[in-house]
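Please read the structure below before turning to the comments.
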Amino acid sequence: MVKRYSVWIAAPVLLIVLPQIFDSGFAITMMSEMCIAIIFALSYNMLLGQGGMLSFGHAVFYGFGGFISIHAINLVTDDIIVIPLELIPLVGGIAGFFFAILLGYISTKKAGTTFALISLGLVELVVACVLLFPSFFGGEEGVSGDRMLDYSITGIGFGKGVEVFYLIAFWLMVATALMYLQTQTPLGRMANAVRDNPERTPFVGYNIHLVRFFQFALSGFFAGIAGGLLAINYEIVNSEMIGALASGHVLLMTYIGGVGHFFGPILGAVLYTFLHLTLVNITMAGQLYLGVLFIIIILWAPNGMAGILMVHQPVWRAGLFKELLPTYLMALGAGLVTFFGALILVEVNYHLSLSIEPDKPMQLFGVEFLANSWPPWLFSIALMAAGYFMLRPIIRKIGLKWDELTQVMQGGK
Amino acid sequence: MTNKIALNLVDVEKRFGETEIIRGVNLAVKRGERHAVIGPNGAGKSTVFNLISGYYPLTGGKIELNSQEINGLEPFQINRLGLCRSFQVTNLFAKMSVFENVRCALLWSEGYKYSFWHLMVRQKKLNKKAEEIIEQLNMSHRSKIPVGELSYAEQRTLEIGITVAGGADVILLDEPTAGMSKSETEQAVELMKFVSEGKTLIVVEHDMGVVFDLADRISVLVYGKIIATDTPDNIRNNKAVQEAYLGEEEEV
Amino acid sequence: MEFYVISLLNSLVFGMLLFMLSSGLTLIFGMMGVLNFAHASFYMLGAYLGYQVSVFIGFWPALVIAPILVGIIGAGIERYGLRTVHKYGHVAELLFTFGLAFMIEELILLIWGRVALNYQVPASLDFTIFKLFESDFPAYRVFMLVVSVTMFVALYLMLTRTRTGIIIQAALTHAEGVGMLGHNVPRVFMIVFGGGSALAGLAGVIGGNYLVTSPSMAILLGPIVFVVIVVGGMGSLTGALIASLLIAALQTFAVGYDYSLVDLLTLFNIELGSEPLFPDLWRIKIENTGPLLPYLLMVVMLIFRPKGIMGERES
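Protein chains in written order, with our numbering: chain A, 1 to 413; chain B, 1001 to 1252; chain C, 2001 to 2315.
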């Protein structure tokens, strides 16, 4: 019993302690963004993982949540309505829910590829509206507001980043708990049923369109909460938040984390946000690396990071993980060599194509060299080739080791 | 008189493009009856099931369930009116456990609808009922296993279990014993007799042993038409049936 | 009158360009059940390669070489990428092509940079072919039309007259049956995927200098092409043709009307108050709705005819 609830006790403690340890502005910003991304990714997985609905337009509900929230904040500032800041995310959630009902009724009639296409069409529809309705979307520059409202339940002013972080963390816990509980309800289970076997579901009495639709609407609600939190965090909302790119990000982070397990999107959101924010500062090729990671996951680990972890659970329990460790470390080493080679090639090319003065020397890991000279190219290709030839036998070895372990474990039973 | 008829097919027709698959089927299944539909391959037996359960729309004729016309309704609506069906190819919720499969099959009939405010673990009555059904299927020891890992016979058994779990009073089973061994078939027949107690059962079956053991009446479907509906003994002696079907394929 | 004729011609040019993209996409989808999200990226790749080849050896060789290169890249991706994820189902395939689209855009940035390329119409085609009323009609647009119609006829003949074409047609409806007849279905898939990519590449070579060649060109055109195949009916070539022309006409003609709802109300002598509800809505001019119309059409279509214009399958 204690074990079952331990995560739900440990997580809030962690959320309270973390900003006390990492108290720099950058760290607070990053952690806030991670928490928001977790809510958004979990809401996305209500569609993809739970209901088998691949959406390319989930950011629509995130975006509407953000826009309605920022307008609500401005209305409170102008003394037209009274809502304490702590409840603004709920306004965002209701907005997301409302628009999910509006748009979802048509799109959830379909499943699979057609559903995915419609979601893309709808996101483009909304994006096209951004410039047509400037008083709502604020045109190119977006809508800004001031989160330091006169009304607050807690009496916190929310002037400091860390105060906002605690608000976000609170909503993170609430939303995550609700989404987890939802997976344990009849609707949550029937969403699984529709995902696994849409042919059979009608013959147990359920209308598959409505199952998808209700699941979609709830997912829109939680995406809206995440959007509302983003509006509070940055005090500005623009069309970037509602578009196809934002939808793509949430798809990537959810899938990288793993759609088959509830905690997958949490892992994905944390890792993706971390990489996204750090890579942007050090390289122009950040998006490319994230894309490569995504493709690797699709090709070789379709259950994402969570899937990789869960595969190892029985091995770990049987105390056999140490058998795998050496080969894993070797694979990691060889992988890093390959990656390092590719990285040089990519960075050199980006320097040549995107920097202002491609003829000037560039810096990589503290080494200065000319991008248009041959040594970096040769070095990079050599590294990649070496890494590749090291990696191949190691991967074969890992496969053999796994076969061996599976036999040992089955024998143990 | 009419309410003694559970399921009534009147001049049912189905065309796929130019091809006429079902050419005017008339069939009245009495309440509480165990009715078998037999016929050579390609006669349209599964198509008849698909028409009754709303999987395909009709081209002509009408179908009544408990005197209520059901053609044109969606499968889930027909299911809610008290008709359930199994599939020829095993059709379960593959990633879920046996227990979850049975529970999903119970949800609608237990009135949960699209609820997202009931926690499944707390629904004692629902869970107890699911456990009871699994016990009747003799699968209690397999309850937590994902159905994808079950043996073929177990999957077929579960297929029947899920079909009847919702408590519908008209049960359609599509080749329930196909691919089973002799002893597995015997168990499946016992199960079918048990679950159809007091209900109406319609079964498509190739195994003549099962058909003559189980059925009160038999209909013979040949090339989209029913050529005879009668008691097993009379069917056995029916000349037309022997010519069209039994004589060719199987001696009884 | 002048406006109508010119717009009609322009929508024909743009519509055929759209069809060049949507035909390949539809063929791939119809046969393999795979929606190639990266299809517009192959179009972009075609434009960039077309530019690069034409810099080295001129436009005419580029017109042939670039689509072939794109086709080879497409076939390679099918063989070594898509086929690997096939076992995980259609959603995984769609995700793979989504990741691919993402990667191709990044690679284009990597090689050619962020700025739009100076990809010009070749000098030999840069003249006015005829004067319509007061406007010049550029020869290049006629050329585009000729290329796309030729391609359409060639595709039609290929599908109806050649052995491969007949196998492809059969595989469109009965992929398993074709496999059982002993045809190498995976190879047919690879050919179709490569061929579809090559078509998109060709569209890129002739469209890149007509429109614009920049890293955002795939994102700008891609969603419209997807709308085309939803509106036309998933997997139907004729539907794709009709929808391409329809959407091109919608977008082209919309530009010519600067009416808004306010004008409509004025027509009926209704005055709008100084602070109406939804102030923007009343002032939207039709000429600005171009980007919106394809998606609006899609929504309307889904409500009233979910199968699409010529669609047979529901989903």
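Glycine residues also receive a C-beta, built at the ideal position from the N, C-alpha and C atoms.
Comparing alpha carbon positions, the residue from A:271, A:59, A:133, A:358 closest to residue 230 of chain A is A:59. Annotation: residue 2132 of chain C is outside any alpha helix (DSSP H); the continuous beta strand (DSSP E) that includes it extends over 2128–2132. A direct Cα-to-Cα measurement between residue 324 of chain A and residue 384 of chain A gives close to 25 Å.
Our two residues, residue 2017 of chain C and residue 2295 of chain C, have alpha carbons roughly 18 Å apart in a direct line. Under the three-pair Cβ rule at 8 Å, the region 1106–1126 of chain B does not count as touching the region 242–252 of chain A.
At a cut-off of 8 Å between beta carbons, residue 411 of chain A makes no contact with chain B. At least 8 Å separates the beta-carbon of residue 1036 of chain B from that of residue 196 of chain A. Legend: CB atoms of the region 1084–1098 of chain B lying less than 8 Å from CB atoms of chain A belong to residues 1084, 1085, 1087, 1091, 1092, 1093, 1094, 1095, 1096. Around the beta carbon of residue 2259 of chain C, fewer than 16 other beta carbons lie within 10 angstroms, which makes this residue exposed. Among the residues facing chain A, residue 1212 of chain B is not included, as its CB has no counterpart in that chain under 8 Å away.
The C-beta separation of residue 2225 of chain C from residue 2040 of chain C comes to about 6 Å, placing the pair in contact by the 8 Å criterion. A direct Cα-Cα distance of roughly 10 Å separates residue 2003 of chain C from residue 2010 of chain C. Note: residue 1181 of chain B is not bridge-paired with any residue in the DSSP secondary-structure output. In the DSSP annotation of this structure, the continuous segment of the beta strand (DSSP E) that includes residue 1036 of chain B starts and ends at 1034–1038. From the beta-carbon of residue 210 of chain A, no residue of chain C is found nearer than 7 Å; the closest lies around 16 Å away. At least one CB atom of chain B sits nearer than 8 Å to the CB of residue 206 of chain A. Pairing residue 1191 of chain B with residue 1160 of chain B gives a Cβ-Cβ distance under 8 Å. In the DSSP secondary-structure assignment, residue 396 of chain A is not bridged to any residue. Looking from the CA of residue 2098 of chain C, the closest CA among A:88, A:106, A:56 belongs to A:56. Sequence-distant partners of residue 202 of chain A (beyond 5 residues in either direction) whose C-beta falls short of 7 Å from its own C-beta, in its chain, are 208. Remark: C-beta atoms of residue 53 of chain A and residue 212 of chain A approach each other more closely than 8 Å. CA-to-CA, the gap between residue 1222 of chain B and residue 1043 of chain B works out to about 5 Å. Closest by C-alpha distance to residue 2113 of chain C, out of A:285, A:22, A:309, is A:285.
Counting only residues of its own chain and dropping the five nearest sequence neighbours on each side, residue 2221 of chain C has a CB closer than 6 Å to the CB of 2040. Under the three-state reduction of DSSP, residue 78 of chain A is assigned to coil, being neither helix nor strand. Taking CB atoms only, residue 341 of chain A has no neighbour in chain B less than 8 Å away. The C-alpha of residue 1203 of chain B is placed about 6 Å away from the C-alpha of residue 1174 of chain B. Taking C-beta atoms as the reference points, residue 77 of chain A and residue 131 of chain A fail to come closer than 8 Å. Scanning its chain for C-beta atoms nearer than 7 Å, with the 5 sequence neighbours on each side dropped, one finds around residue 1198 of chain B the residues 1032, in chain order. Fewer than three pairs of CB atoms, one per stretch, sit closer than 8 Å, so the region 176–189 of chain A makes no contact with the region 84–104 of chain A. Residue 1180 of chain B places its beta carbon 8 Å or farther from that of residue 1215 of chain B. At a cut-off of 8 Å between beta-carbon atoms, residue 1067 of chain B makes no contact with chain A. Of all residues in the region 355–369 of chain A, none places a beta-carbon less than 9 Å from a beta-carbon of chain C. Contiguous beta strand (DSSP E) elements confined to the region 187–213 of chain A do not occur, taking only those with 3 or more residues. Sixteen is the threshold: since fewer than 16 other Cβ atoms of the shown chains lie within 10 Å of the Cβ of residue 7 of chain A, the residue is exposed. Per DSSP, residue 2226 of chain C is one residue of the alpha helix (DSSP H) stretching across 2217–2232.
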